[in-house]
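The next block holds one structure in the form of structure tokens; read it before the comments.
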Amino acid sequence: MDNSEIYNREEIKKLLVLATLAGSIMLKSGAEIYRVEDTIIRICKSRKGIKYVDAYIVPTGIFISLEYKGELMSYIKRIKSISIDLNKIAMVNEFSRAFVNSQQPLDIWLEELKRINKVNRYTRLTKTIFGSLAAAFFCVLFGGSVLDFIGSAIVSFIALTIVNLISKLELTFFIDNLIGSALAALLSHILVHIGVGENIDKVIIGSIMCLVPGVAITNSIRDTMSGDFVSGLSRGAEAVFSAIAIALGVGIILNFYAKGVF
1 MDNSEIYNRE EIKKLLVLAT LAGSIMLKSG AEIYRVEDTI IRICKSRKGI KYVDAYIVPT
61 GIFISLEYKG ELMSYIKRIK SISIDLNKIA MVNEFSRAFV NSQQPLDIWL EELKRINKVN
121 RYTRLTKTIF GSLAAAFFCV LFGGSVLDFI GSAIVSFIAL TIVNLISKLE LTFFIDNLIG
181 SALAALLSHI LVHIGVGENI DKVIIGSIMC LVPGVAITNS IRDTMSGDFV SGLSRGAEAV
241 FSAIAIALGV GIILNFYAKG VF
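Residue numbers (the UniProt record's numbering): 1 to 262.
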């Protein structure tokens, strides 16, 4: 049966919802703006009868409009939290390719997208363990000793665990990074004081590496180079304020330490 015959107004609404869900999964997982826009437009244009499709994406929202049989339809989605999940980005990329080359009912594809949205490849414990180990190796990279490595791994593990718990309260990223970095500096001081670490500066440097916004900086530069200046500036500002929060958290603890408070 011709695709143009089976699609009606309600089906086009489902198509809009599907495209928006695919875009929101990618955006929340840390995908670049141009990649999200391209995926949404390809999904919508894959169905006959749709003459015009446009998507405007910013880090905090998705705006889609399309024309079907002379009628303009729009959909807006607010994005509140962004994390890094390259696995989900890859899964949505594969999904979009399969969707474009298939004519199965939209309900089936919506269920598949919902399944992808719920996928959690690694548990929080796994992420915390390997994140803390990766941070500890930065301690060695900056000249830390074996004891500094062990201390940094312990501090990073505890700090990441606390930050994950705090993130459930849905506070701002600034508060999360401020608390995480302050906790990392405090624990570093305690561990060095009891002998699990030799250089407090090396232990702190390693332990805060798990909080450094490296992906945000990379995506900011890439979006700016792609012409998405709003997104580039937004993500750049996020990276700057994250760095300020980390520096502020560590600075507060070191200031107390210098004054002999503890």
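A virtual CB, placed ideally from N, CA and C, is assigned to each residue, including glycine.
Nearest-angstrom Cβ-Cβ length linking residue i and residue j, presumed shorter than 8 Å
i           : j           : result
residue 134 : residue 152 : Incorrect: roughly 10 Å between the Cβ atoms, too far for contact.
residue 59  : residue 234 : 5 Å
residue 68  : residue 12  : 5 Å
residue 126 : residue 161 : Going by Cβ atoms, the distance from residue 126 to residue 161 rounds to 12 Å, so no, they are not a contact pair.
residue 18  : residue 43  : 7 Å
residue 36  : residue 64  : No, residue 36 and residue 64 are not in contact; Cβ-Cβ is about 11 Å, not under 8 Å.
residue 191 : residue 155 : 6 Å
residue 264 : residue 41  : Since the first residue of the chain shown is 1 and the last is 262, residue 264 is not available in this structure.
residue 230 : residue 148 : About 42 Å separates the two Cβ atoms, so there is no contact after all.
residue 95  : residue 22  : 7 Å
residue 144 : residue 199 : 6 Å
Opposing strand residues paired with residue i [DSSP bridges]
i           : result
residue 191 : Bridge partners of residue 191: none, in fact.
residue 78  : 61
Neighbourhood of residue i by C-beta, 6 Å cutoff - its chain only, sequence neighbours within 5 removed
i           : result
residue 164 : 124
residue 222 : 32
residue 117 : 25
residue 51  : 67
Collapsed DSSP secondary structure at residue i in the structure displayed
i           : result
residue 94  : helix
residue 250 : helix
residue 209 : coil
residue 198 : coil
residue 122 : coil
residue 170 : coil
residue 84  : coil
residue 4   : In this predicted model, residue 4 has a pLDDT of only 42, less than 50, meaning its place in the structure is not dependable; the value taken from the coordinates is given anyway. Helix.
residue 101 : coil
residue 259 : coil
residue 138 : helix
residue 220 : helix
residue 144 : coil
residue 151 : helix
residue 132 : helix
residue 227 : coil
Proximity test, residue i beta-carbon vs the ligand NAD heavy atom, cut-off 7 Å
i           : result
residue 115 : Of ligands this structure carries none, so the ligand NAD is not represented either.
Chain-order list of residues whose beta-carbon lies under 7 Å from that of residue i (same chain, five-residue window excluded)
i           : result
residue 4   : Because the pLDDT at residue 4 is just 42, under 50, the model does not fix this residue reliably, and the value given afterwards should be weighed accordingly. The residues are 48 and 49.
residue 248 : 178
residue 257 : 189
Neighbourhood of residue i by C-beta distance below 8 Å, restricted to the same chain and skipping five residues each side
i           : result
residue 2   : Because residue 2 carries a pLDDT of 41, less than 50, the predicted location of this residue cannot be relied on, and the following value inherits that uncertainty. 48, listed in sequence order.
residue 150 : 136, 196 and 197
residue 106 : 11, 14, 15 and 18
residue 241 : 173 and 174
4-residue-minimum alpha helix (DSSP H) runs that sit fully inside the region 8 to 75, ordered along the chain: 9 to 28 and 33 to 45
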